[in-house]
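Per our numbering, the very first residue in the sequence shown carries number 5; after that it's consecutive. As structure tokens, the structure follows; a few thoughts come after it.
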Amino acid sequence: MAERSTIKALLMRFVDDELSEADVVALNEALAGDEAVQQEYVDAAYLREGMRRWAHSRGAADEWQVIRSAVGIGPPDEASSAGSDGSEWSVVAANSMPSDARYSPVDLRAARQRKNRVAIATTAAAVLILAIGGWYYRLSATGGFVAAGDAYAGDLTKSEEDLALSDSDSVVARLTAATPDVRWSGGKVPSDFLMRFRPGDILGIESGIAQVEFSGGANLVLCSPASVQFTGGTSARLMRGCVTGRADGANFVLVTPTATVVDIGTEFGVGVGPSGTDVTVFEGEIHVHSLKDSGDGGPMRRVREGMSMRIDSNGSPTVLRGQPDYPYRRDLLQPADPRGAEGTVSLLDLVGGNDYFRARIAGSIDPRTGYWGSPPWVGPDRQRALRGDTQFTATPWNPMVDGVFIPRANAREMQIDSDGHMVHLPPNNGTSWGPIWARRSSEIDRDNEFRTANRRDLWGSGTLEAVHRRLLDAKDGVLGLHANVGITFDLGSISDAQRADVVEFCALLHNLGAVSDEEGVLEQSVADLRVFVDGKLKYSRLDFNADDGEASIVVQLSPSNRFLTLVATDSDGDPKVDHVVLVDPVLRLQDKPPLACQPGTDGLCLARLLDLSLVRSR
């Protein structure tokens, strides 16, 4: 048995993401058969995740270290541990959660190696970090259970205004797909051009089907009519209708008027109607807590695969025979397509996706943090400029994007990828506006009400109409790069995931910077775009504005190339209305040549074939 001081030190290093391989072995040994240590580990995981979410939602990843030092590892008000039934305990040191941290070139290579294994390790790491003994609950002031990471997950007394003000800048979910016949409740279309939602936002549909992805990794499919209120990156409130959910990371909480449903890594359906809340488990297991239980401290109820349960309007649970009569849709909309119809991969999907090549309506990456970003508007009439720290920032959540950055204001060298390639960029303002974004053309864009609701969104008043017009004429969609900003794609990971060589980058380049000011006078802007491959300049278009029209970009690539970097900068020291867009940006693919195995080298050839089945780790 390890000394108490040793166990405490191991747990503190776990909270700080600093466990070495030897530490993992030692902590596993300490956890084996010791319920007290198991509970301390669960408490540490609670503290670790709570501080991470707090820091991430405020774009202050370094501040959580200060908070950690001021807080001891103490138990939550209420906890339920599945580990107490004798299940095996284990620790994984890998960190699959999104991070805002900056890295040195050496750290970036290590981060990329971890990131490129996300497809294999995400589920295990998330389960062990967030749900090793089941997900946590703590009693709220009203007696309802609340998910540890989301302050309002189970508090049904909070108003929409309270939720919106709780963390108004954080993006907790995004609409990823919708059927053409979708009709929004009350005519309220999504108010964000990039289909993102903040705490307190409500998505309602009267017809059709809509799909939502949460920042914590869960997916919900809404079957009309249905309404959902977003309360956090791992939680939501189902107000009416039915949803199908999947949360492989085992950290999602869905609150209804009569129950709290906890997904511990499974696929489930939940319906809310006059009879109460109906729950069905398609795969795995969920935990259900009724409002009646939350008042008297009753136990959580496990609902396993193939089972259904109803929690009526009084909060009383009943096991059902057969599946409730709800139109659950289990398959996700727009299923992943590993290869485009023309042997291409769209950069739109690479920006928007963390599960490789699933098509999404929209996606975004904040160039300061490497994560989804925040809505750009501070107030009804004011937008904020983004000022970076001039550092290359990794995107560990997205294996296909190496990183992002805001170029230095002076003309010094700038790191543009995780291998440490440095390039000289011209002097610029050193700021940008809004996130790097990707947007597919959708029937939603033909909705005049949607276009009106988004009039002042994204890049400022008067700009979105031009984006809409170009988007409707695009084959696939538009990638937006408001100067000054850069993004680097990991060609090696893309090639390995697609099992094909990336041989060409193609796009149409345009500056949508001509807008009307309050007096109806057109403002013109000039911008530069440069394309680098492994730190070498392969294409540039300088001092171009809207009147210069579109230009075709074609950059030849070879199988040995690792990184493709796009950099948009202002040409005149003023990034105002430097609205650089890439229309239908794609990477063209070519099948890899067959492996040539010499006699007596079967083992080597097998090893190479196995290597091709995994995302490259260099």
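In this text, a Cβ means the ideal position worked out from N, Cα and C, and glycines have one as well. From a predicted model like this one, the values you see are computed outputs, not experimental measurements.
In the structure shown, tyrosine 45 adopts helical secondary structure according to DSSP, grouped into three states.
C-alpha of arginine 566 to C-alpha of glycine 347: approximately 19 Å in a straight line. Here DSSP, grouped into helix, strand and coil, assigns methionine 199 to coil. Measuring C-alpha to C-alpha distances from leucine 593 to each of Ala550, Gly269, Cys510 and Ser239 identifies Cys510 as the nearest. Between glycine 208 and serine 231 a beta carbon distance of about 4 Å is seen, short of the 8 Å cut, so the two are scored as contacting. Within the DSSP bridge table, the entry for asparagine 515 names Val584 as partners.
It is roughly 46 Å from the alpha-carbon of arginine 8 to the alpha-carbon of arginine 200. Straight-line spacing of the CA atoms in glycine 407 and leucine 258 works out to 33 Å. Per DSSP, threonine 10 is not a residue of any beta strand (DSSP E); the alpha helix (DSSP H) it occupies stretches across 8-19. Looking from the CA of phenylalanine 18, the closest CA among Glu33, Asn433, Ala34 and Tyr45 belongs to Tyr45. The alpha carbon of histidine 428 has as its nearest neighbour, out of Val530, Gly539, Ile369 and Gly481, the alpha carbon of Gly539. Secondary structure at alanine 34: helix, using DSSP grouped into helix, strand and coil. With respect to the 7 Å criterion, valine 285 and threonine 260 are not classified as neighbours on the basis of their beta carbons.
Between leucine 485 and valine 584, the gap from beta carbon to beta carbon is short of 7 Å.
A straight line joining the alpha-carbon of asparagine 549 with that of valine 266 spans about 52 Å. For glutamine 233, the enclosing beta strand (DSSP E) has its first and last residue at 223-236. Shown here for leucine 198: same chain residues with a beta carbon closer than 6 Å to its own, the five before and five after excluded, namely Ala366, Ser368 and Trp441 in chain order. With fewer than 16 other beta carbons inside 10 angstroms of its own, glutamine 560 counts as exposed.
Alanine 501 and serine 294 have their C-alpha atoms some 43 Å from each other. The continuous stretches of beta strand (DSSP E) do not include glutamine 502, which lies in the alpha helix (DSSP H) extending over residues 495-502. Short of 7 Å from the beta carbon of valine 558, and not among the five residues preceding or following it, lie these beta carbons of its own chain, in chain order: Glu508 and Cys510.
CA-CA distance, methionine 426 to isoleucine 498, rounds to 22 Å.
For serine 189, the three-state secondary structure derived from DSSP is helix.
Put simply, the backbone Cα of glutamine 419 is about 22 Å away from that of tryptophan 376.
Here asparagine 318 is exposed: its Cβ has fewer than 16 other Cβ atoms, across all protein chains shown, within 10 Å. When rounded, the separation of the alpha-carbon atoms in valine 537 and threonine 10 is 48 Å. In this structure, aspartate 532 lies away from serine 564, with their beta-carbon atoms at least 7 Å apart. For arginine 187, the CB contacts under 7 Å within the same chain, skipping 5 residues up- and downstream, are Ile209, Glu210, Ser211 and Gly212 in chain order.
For glutamate 417 and aspartate 423, the gap between their C-alpha atoms comes out near 15 Å.
Taking the Cα positions, leucine 541 is about 27 Å away from arginine 503. Using a Cβ distance threshold of 7 Å, proline 328 and aspartate 282 count as a contacting pair. Leucine 568: member of the beta strand (DSSP E) spanning 567-574, first to last residue. Per the coordinates, the alpha-carbon of glycine 356 lies some 32 Å from the alpha-carbon of glutamate 309.
In the structure shown, histidine 472 adopts helical secondary structure according to DSSP, grouped into three states. Within the region 233-281, the complete beta strand (DSSP E) segments of 3 residues or longer fall at 239-250, 256-259, 263-267 and 271-277, listed in chain order.
Taking the Cα of tryptophan 437 as reference, the smallest distance to any Cα among Gly496, Pro411 and Ser24 is reached at Pro411.
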